[in-house]
Amino acid sequence: MGSIERVNDLCGCFESEYDGQYSPGEDGIQEDIQWGNIAFEGVYFKYEEHAPNIIRDLSFHVRSGEHVAIIGDNGAGKTTIARLILGLIMPTTGQVLVGGRKVQELPKPILRRKVAYVSGEPYIFNATLRENMQIAKSDLSDSRMVTVLESMGIQLTERLGLDTVLGEGGTALSSGQRQRLALARAILREPEVLILDEATSSIDNCFEEIIHNMITGNLSGCTVILITHRESALSNVVRKVSLSERAHSGTTN
6 MGSIERVNDL
16 CGCFESEYDG
26 QYSPGEDGIQ
36 EDIQWGNIAF
46 EGVYFKYEEH
56 APNIIRDLSF
66 HVRSGEHVAI
76 IGDNGAGKTT
86 IARLILGLIM
96 PTTGQVLVGG
106 RKVQELPKPI
116 LRRKVAYVSG
126 EPYIFNATLR
136 ENMQIAKSDL
146 SDSRMVTVLE
156 SMGIQLTERL
166 GLDTVLGEGG
176 TALSSGQRQR
186 LALARAILRE
196 PEVLILDEAT
206 SSIDNCFEEI
216 IHNMITGNLS
226 GCTVILITHR
236 ESALSNVVRK
246 VSLSERAHSG
256 TTN
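Counting from 1, position 179 in the sequence shown corresponds to residue 184 in this note's numbering; the numbering is continuous, with no gaps.
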């Protein structure tokens, strides 16, 4: 069994499940669709029928290529917004649009290819560093992997090389290294939309600008949705969507 097949077996056919399965125009999806355009129109959401709404009357629009922050207290619904964009859950009322299409109308395999999500606690598989990187794309060259990893501050050594087994959950790595690996993996996927959900919480503040430059340099035109509590991470966003008692869209200075 080859390396990428072993990773597929471990992860239950994760992102690599969708490699090569989509052609432009397939399933009625237009080739020139602006995947980076995200819109919420009067969205309400609750997890159970008789539970209170977590999201209430939320409306905002993110244009393709914009970097926008979602801010709010714990429990305000920030990660719920990410799950709505990913099509993992559907709004109770209102519409979530990705590329001008209702998210429930988009084939999930295509949506997963176009939208990448990185959390603050990314899952690292009990496989080699190379195999963990191949989840992004199965045909990555070693040189491309090394370039992106080192740009993310992961220096390859005798102790940590592409053939190093990382352990279940990435026990061979520090929490900051796990986050950097997940960010590198997302960049290599070349998504149209990148959602960063507290994705740099264990990374030094001084590295924020390097990460921003890596994203903009490698993912030109990619829409970035940033969910964070860190003020240092907000310097590169053009707008903030603030989740308060009544969610609304705000603008940065």
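Ideal Cβ placement from N, Cα and C applies to all residues, glycine included.
Whether residue i touches residue j by CB criterion (8 Å)
i, j, result
"Gly82", "Ile115", "no"
"Arg194", "Lys142", "yes"
"Ile129", "Leu167", "no"
"Ala44", "Leu102", "yes"
Alpha carbon of residue i to alpha carbon of residue j, nearest angstrom
i, j, result
"Asn42", "Ala132", "35 Å"
"Val151", "Leu239", "28 Å"
"Gly175", "Glu155", "18 Å"
"Lys113", "Gly70", "22 Å"
"Glu136", "His55", "44 Å"
"Tyr49", "Leu63", "7 Å"
"Tyr52", "Gly172", "34 Å"
"Leu161", "Arg68", "37 Å"
"Ser249", "Tyr122", "23 Å"
"His234", "Ser207", "12 Å"
"Asn241", "Met219", "13 Å"
"Ser28", "Gly104", "With a pLDDT of only 43 at Ser28, under the threshold of 50, the placement of this residue in the model should not be trusted; the figure read from the coordinates follows. Approximately 17 Å, taken between the alpha carbons."
"Asp147", "Thr84", "33 Å"
"Arg61", "Gly226", "30 Å"
"Arg164", "Leu224", "30 Å"
"Gln139", "Leu145", "6 Å"
"Arg149", "Met157", "12 Å"
"Pro57", "Gly99", "16 Å"
"Asp209", "His217", "13 Å"
"Glu22", "Cys211", "Note that Glu22 scores a pLDDT of 33, beneath 50, so its modelled location is shaky and nothing firm can be said."
Supposed contact pair residue j and residue i - C-beta distance, whole angstroms, cut 8 Å
i, j, result
"Thr169", "Leu134", "5 Å"
"Ala74", "Leu231", "5 Å"
"Trp40", "Lys119", "5 Å"
"Pro127", "Ala187", "3 Å"
"Leu201", "Val229", "7 Å"
"Gly125", "Ala204", "6 Å"
"Ser247", "Gly47", "Contact flag wrong, Cβ pair sits at about 17 Å."
"Glu213", "Ser237", "5 Å"
"Arg185", "Ile159", "5 Å"
CA nearest to the CA of residue i, picked from the options
i, options, result
"Gly222", "Ala189, Asp144, Glu110 and Leu63", "Ala189"
"Gln109", "Leu89, Val123 and Ala121", "Leu89"
"Val153", "Gly104, Ile94, Ile192 and Asn210", "Ile192"
"Ile38", "Thr84, Leu111, Gly99 and Arg185", "Leu111"
"Lys245", "Pro57, Phe65 and Phe45", "Phe65"
"His72", "Cys211, Glu197 and Ile94", "Glu197"
"Leu91", "Arg117, Asp144, Met138 and Thr98", "Arg117"
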